[in-house]
Structure formats: C-alpha cells, structure tokens
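Chemist:
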Ligand code: SAH
Ligand code: SF4
Ligand code: F3S
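Numbering (our numbering), first residue to last: 5 to 480.
1. What would DSSP say about residue 474, mapped onto helix, strand or coil?
2. Please state the DSSP three-state secondary structure of residue 42.
3. Compute the Euclidean distance between the alpha carbons of residue 423 and residue 409, then round it to the nearest angstrom.
4. Look at residue 160 and residue 37 and say whether their C-beta atoms are less than 7 Å apart.
5. Would you list, in sequence order, the uninterrupted beta strand (DSSP E) runs of no fewer than 3 residues that lie entirely inside the region 67-118?
6. Return yes when the C-beta of residue 192 is under 6 Å from any heavy atom of the ligand SF4, and no when it is not.
7. With H, G and I counted as helix, E and B as strand and the rest as coil, what does DSSP make of residue 428?
8. How would you write the range of the alpha helix (DSSP H) that residue 320 sits in, first residue to last?
9. Hey, quick one: how far does the alpha helix (DSSP H) through residue 481 stretch, first residue to last?
10. Using the DSSP secondary-structure output, state which residues sit across from residue 221 in a beta bridge.
11. Just the Cα atoms here: how many angstroms apart are residue 344 and residue 192?
12. So, is residue 104 buried or exposed, given that buried needs 16 or more other C-beta atoms within 10 angstroms?
13. Can you tell me which of the three DSSP states residue 193 falls into?
14. To which residues of the same chain is residue 325 closer than 8 Å at the C-beta, ignoring the five residues directly before and after it?
15. What does the alpha-carbon distance come out to for the pair residue 386 and residue 330?
16. Any heavy atom of the ligand SAH closer than 6 Å to the CB of residue 67?
17. CA-CA distance, residue 475 and residue 418?
18. Distance, Cα to Cα, residue 67 vs residue 227?
19. For residue 402, which residues of its own chain have a beta-carbon under 6 Å away from its beta-carbon, when the five flanking residues on both sides are left out?
20. With respect to the beta strand (DSSP E) encompassing residue 482, which residues constitute its N-terminal and C-terminal limits?
21. Anyone know if the C-beta pair for residue 371 and residue 188 falls short of 7 Å?
22. Can you tell me which residues form a DSSP beta bridge with residue 179?
23. Could you check where the beta strand (DSSP E) with residue 415 kicks off and where it finishes?
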C-alpha cells in the first residue's frame, strides 16, 4: 500500500554492504526479497560475508522454540563484530520479534541490537533505518495487520542460495496472514489476519516475471485454498479461478503453490490442476495427526476420513501426483494409541515425503494452556519410530517414475557432482540427470548454458529416496 520511499527521505548509502540471513518459511524469504529491494534502492550492496557487512539483519521465525533459540545464539555471537566495528548496524526483524515478550528480552539482553522491526512494518524500513543511523535504538512492532504492501521493490537474487542460477524460479505471495488458529500455531499471532492480494496485481506480477524469463512461479500463502481476492468488478475470486487465470498467461512455465489446507482444498481446485498444462502436480497437504480427537483439539477442521477422501480424489485425477505432508508428534494429551493412528495413516497414504516435527509449546496459543502430558523422552522415541515407519513405507515411492519420461525444469548442475544436471519434475521431484551419455551428434547441440533454466525431457532409469535419476532425451 503506502511506502515512504527514500526519495522523500533523501538519504543514500552507496558503498555500504548488507548481510541478510533469513530463518523460517518462504513467507519470510519473500519478505527478505522486499527488504533487499528497499536496501538496494538506498544504495546498499550485498555480501555473504558477515565480517565485511555494515548492516547485519536477521529475519526470524517463531514457529518452534528451537528456531528462536538459534536466533538468540546467532545474535549473541555478533558482539565481537560490533566490537571490531562500532558503526555496524545489527537489526532483527520477522515473526519472532512480533511477540512482545521476545522483543523485550532481545532488547534487554543485547544492547548492541539497534533496530528491531516486525512483520507489519516492512514498508517503513527506510525511515526506521534512517532513525537508527542517527544513533537511536529503534523498535517498531506495530500491528497494521490489514496492510498489503503492493509497491515495494523486490530483489529476488539476494535470497537465492549460493550457486543457484539466476532467473529460473520466483515466489509470488498471493495472500498474507492466517485466520485458522490451529491451536499449536503462532503464525496467526505474528502475521495477522488473512488477507488476499487482488488478482490483477498477482497476474501483472507473474506476467512480468514470465517476460523476464522466469520459468517457475510459486504462489505463497499459509492456506492458498482460502484465497479470496477482489476482482475489478468487485466479485471474490477463488483459488481455482486464480489458477485458471494464471494458466492462461502464454509461455511455457510452471505454477506451484503452497500451502494447501485439507479443510479448504476443494475438488474444483484438483480438477483445475488435473486439466491444466502448467500447474504443478505436487500437493503439499499437511495432515498433522492421524487421530480425529487430536485433529479436533488442534482445531484443524477436518477428520481423517475427509482427508483420505481428498487424497483419493487427487490420486484418481492427477496422474502420479506427489503428495507430501507435515506431522506433529507429542501434541498435548496425545496418547500412544493416537500416535499409532498417525503411523497407521502414514502406512495408508504412503506420502512421497513428510516433514516431521516434535510439538513445541508456543506462548499465547491455545495449546500452550493444555497439559503437556507427553514427556520429552517419549516424544523423541515416537519421533524416531515415525522416521523408521516413513522410511519403510515411503522409501521406494519414486519407483513409480522409473521407465517414464518426465518434463523437467533444469535448475542447475547436479547436486552431488555425480550427475551433470539437476532439476525438478512437474511433481516437484528432484531429477538428477546426464546429457553426455547421448550420442556425439547430440552433444554438439548441448551445453550447460542452453539447458539450465529450460524445460527438458528426461527418461528416468533409477529411483533414489530423495531424487530420481535419468538421461536427457533429445527430441529432434
Ligand atoms: N500454513 C502452513 C504452514 C505452517 S508452519 C500449514 O498450515 O500447513 C509449518 C508446519 O510447522 C506446520 O504444518 C506444522 O506441522 C509445524 N508447526 C507449526 N506449529 C508448530 C508447533 N508449535 N510445534 C511443532 N510444529 C509446529
Ligand atoms: Fe498455522 Fe494452521 Fe495457519 Fe498453518 S493453517 S499457519 S498451521 S494456524
Ligand atoms: Fe516461521 Fe513466520 Fe513462517 S513463524 S514458519 S517465518 S510465517
């Protein structure tokens, strides 16, 4: 929405270097891209080496306690850099500092942290920084949770992992915040109410990215299925309709989306995906637990039976769909029997992979008031047990791709050095492949520059746990 940009503030910091470290999920990475954009406009360059930075900024996550502990440790370790360079600005932003008690602790423990700002005031960064540079300690964790910042500059390159090639993949936020209040989760408290961007703004941004050469766009939201953006005519546009409109943008590109919430994933979204050419066949569908009682106390809004129905529908409509999930172990009050129901679910669904977490108590959430009956030893034991089950039931999930030819977006050179290239299939599966075992004639036309960042066909001949392996097929 509004932005008080540097033109008005009239200050430039040419020659200064910023170091940004992002913790947490893609929403945070996306915010860091905006922060980088604003810093670049102020004249900052970027470094991956903290030692040479004039500004060190940690963009933090609050989803589990260990995420926060890590940040405290990392910030504490900056004291020696501050001693060497008293002009160094140390800033902390993001979800963690949106909690008042944490900000207070950070402010009191680390006097060398001179700027703290929350998730709702990103657009104010230039003015906050100016104030900091004048020698003040600045905190702003105001909660303007209705704000959608539309016109901030975005610098996507800075957030790419080292070695990743340029303009291939880009994230586009379609909504902010979350209204679901799952009883264990801090996100609604630190990100504010759910709000959707206008479809025209999203479509324009994607159009520009495609024109700029990007080949994979990931739509971001805590629950993309509850997207409800205002169209020009004032009607609400659903996620299924938004996907259709994105699909109609011309060019070969792929559209991914995360995260889907099982309670809001409707059959029409699955139908749109099944009938599309550009929409990813990867569905990340966090189930969290296998027991209906636990799901209810978690406030998830679906039963296991409903979850299984949607999985079955997706598998019947979307060829080779890749299903992944999130699981929490040791939710307050969870019994051994209930935990076994989660294992049973993993055995039934055979996800391609699962992100597994031990429950972490988050102050301010509903679950934090419940009796945490599961001991930490028990939680750890269950966690290990679950990993074993996952390994057993999902370890060979990628075998279904062997013998098939997949359309792969080549993202760079092989991850392990064993294969020449690495990319991802439409199902989101990592594909490692060689081109050089093709005939000499073909090799003439292949070089790294022409493959990286392009869609290619790869014949799969082997499945590993984390990837499939194949060979480039040349279409004459
Ligand atoms: N909006 C997304 C992602 C939320 S955070 C969704 O609903 O799926 C990502 C994952 O972190 C969640 O799916 C959940 O499995 C896990 N998580 C969230 N809060 C947690 C907590 N307090 N303890 C352990 N895991 C948690
Ligand atoms: Fe957290 Fe639930 Fe919202 Fe996901 S849907 S961000 S788990 S409250
Ligand atoms: Fe963490 Fe905030 Fe994302 S709490 S998971 S960075 S929305």
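Note that the Cβ used here is the ideal one computed from N, Cα and C, for glycine as well. Please read these numbers as outputs of a predicted model, since none were measured by experiment.
Modeler: Per the coordinate set shown:
1. strand
2. helix
3. 17 Å
4. yes
5. 93-98
6. yes
7. strand
8. 308-321
9. The requested residue 481 does not occur in the structure, where the chain is confined to residues 5 to 480.
10. 174, 259
11. 29 Å
12. exposed
13. helix
14. 285, 286, 287, 318, 319, 431
15. 15 Å
16. yes
17. 12 Å
18. 16 Å
19. 467, 472
20. With the chain running from 5 to 480 in the structure shown, residue 482 is simply not present.
21. yes
22. 200
23. 409-417
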